[in-house]
Structure formats: C-alpha cells, structure tokens
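This report refers to the structure that appears directly beneath it.
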Amino acid sequence: GADSISTVTSGLVRFIRLGQMDIEWEPLDINSVVAGIVTSMEFQMRKKGVVVHLGDLPPCMGDLVLITQVFSNLIDNALKYLDVHRPGEITVAGQAEKGWSIYSITDNGIGIPPQHQKQVFQVFHRVDPRRERGDGLGLSIIQRILERHRGKIQLQSVPGEGSTFSIYLPRVMEDSDEGVMEKD
Ligand code: ATP
Ligand code: MG
1 GADSISTVTS GLVRFIRLGQ MDIEWEPLDI NSVVAGIVTS MEFQMRKKGV
51 VVHLGDLPPC MGDLVLITQV FSNLIDNALK YLDVHRPGEI TVAGQAEKGW
101 SIYSITDNGI GIPPQHQKQV FQVFHRVDPR RERGDGLGLS IIQRILERHR
151 GKIQLQSVPG EGSTFSIYLP RVMEDSDEGV MEKD
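So that you can map any letter, position 63 of the sequence shown is 63 in my numbering, and since no number is skipped, the others follow by simple counting.
Okay, structure coming up:
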C-alpha cells in the first residue's frame with residue numbers, strides 16, 4: 001500500500017534522524033499552529049463537507065517545526081479516515097493540567113479496532129492498506145517527536161464511531177521566574 005519507494009525512504013530517513021536532532025525549544029502558540037494547518041487544508045475540508053471545531057488551545061513548549069508536523073499529521077489522519085456515510089466533524093481542544101498542555105484531536109470517522117490501537121504507532125502498520133493512500137509512518141513519527149519532547153500520545157477509539165488522539169506537551173509556566181519551563 002506504500003505510495004512509492006522514495007516517499008517511504010524519505011519518511012524513514014526523517015524517522016531515524018528524529019532520534020538525533022536537537023529540539024529547538026520555544027514557547028509555541030498552538031492556536032496559530034492549528035489555524036495555519038486548517039487553512040492549508042481548507043480546500044480538502046470544504047470538498048468533503050467537513051466541519052472543524054477549534055477550542056481555545058493553551059501554549060506549550062516545543063520545537064515549532066516538529067510540533068507543527070504532529071498536529072498536521074493528526075489532522076490529516078482525522079480527515080483521511082472519516083466515514084463517508086456521515087458528515088465529518090473534527091474537533092481540536094486543549095487544556096492545561098499540572099505541568100502539561102494537553103490537546104485532543106477528535107474525529108467521528110471509521111475508528112480503530114482495539115487489536116490495532118497499539119500497533120498503529122509502529123512503522124508501516126496500517127489497519128486497511130486498500131482504503132486510503134499512506135505509508136504507515138505518520139503516527140510513528142509523531143510518537144517519536146513526542147518522546148523527544150518528553151511528552152506522550154494516547155489513543156481512544158470506538159470502531160464505527162471515531163477516534164481521539166490526546167497529546168501531552170510541556171506547559172509554559174506563565175507566572176514562574178524568568179519564564180522558565182517546569183514540569184512534574
Ligand atoms: P502516512 O504515513 O501517510 O501518515 P498512514 O496515515 O497510513 O500513512 P499513520 O498516520 O501512521 O499512517 O496511521 C497508521 C494507521 O492508523 C492508518 O493507516 C489507519 O489505518 C489508522 N489511523 C490513523 N489515524 C486514524 C484515524 N483518525 N481514524 C481511523 N484510523 C486511523
Ligand atoms: Mg497518516
């Protein structure tokens with residue numbers, strides 16, 4: 001089901017390099033990160049008649065390029081695995097909790113069967129390779145990026161109803177001295 005040798009190779013190279021790259025830490029405005037991604041996908045969304053709900057998203061600490069990739073891959077998946085039999089809805093929400101900024105990307109798509117919910121984070125694992133194009137690399141790259149940020153990703157999904165991916169990133173501590181980052 002892979003698109004081509006070259007996209008798979010460049011995806012794999014990216015995945016391997018992620019282990020060594022330096023993280024360029026800075027406070028990130030996730031509202032603007034997500035707004036930019038949604039704008040760039042507006043044409044596809046309109047074509048599919050998808051409604052997007054955006055909550056007020058707290059900032060976090062992270063690498064702008066890598067965290068943009070995380071949100072963009074998750075929103076791409078949410079769009080790609082919608083159920084054609086009902087109008088698509090995608091919600092991005094966020095909250096701050098202790099040392100974390102926690103974001104959720106929820107769709108009302110086809111969902112992921114329980115026996116696949118761990119494996120989808122492994123390289124090349126796809127639930128149904130015939131269904132849509134893809135290399136099966138997106139979620140493994142996301143998981144690696146979050147590990148490099150000392151964060152994490154969680155999946156909750158009901159087949160036939162939809163999926164929620166929750167991502168945890170270090171919070172920006174607004175009222176701490178010198179604006180330094182702190183974490184539990
Ligand atoms: P790509 O490398 O282009 O992202 P991909 O989308 O197939 O390819 P992943 O993003 O890693 O790869 O996702 C792995 C698999 O998990 C998908 O093939 C799909 O079966 C399943 N999946 C991921 N996100 C969702 C979702 N939101 N709803 C339903 N299934 C999903
Ligand atoms: Mg994907």
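For each residue, glycine too, the CB sits at the ideal point set by N, CA and C.
Residues near Trp100 in its chain [Cβ-Cβ closer than 6 Å; skip 5 each side]: Around Trp100: Tyr168, Arg171.
Option nearest Ser6 by Cα separation, candidates Leu139, Lys98, Asp135, Ile105: Asp135
Local conformation of His85 per DSSP, three classes: coil
Three-state secondary structure assigned by DSSP to Gly151: Under the three-state reduction of DSSP output, Gly151 falls in the coil class, being neither helix nor strand.
Nearest-angstrom Cα separation, counted from Gly138 out to Met45: 19 Å
Proximity below 8 Å, CB of Glu89 to CB of Leu64: no
Where His53 sits in the DSSP three-state scheme: strand
Identified DSSP bridge partners for Val158: Gly162
Per-residue DSSP class, three states only, for Gln20: coil
The segment 13–21 / the segment 76–93 touching (three or more Cβ pairs under 8 Å): The segment 13–21, when compared against the segment 76–93, does not touch it at the 8 Å Cβ threshold.
is_contact[Lys152, chain C] using C-beta, thresh 8 Å: No chain C appears in this structure, which consists of one protein chain only.
Residue environment, Ser10, which counts as buried when at least 16 other CB atoms sit within 10 Å: exposed
Shell residues, 6 Å Cβ cut-off relative to heavy atoms of the ligand MG: Qualifying residues, in the order they occur: Asn73, Asp76, Asn77, Gly134, Gly138.
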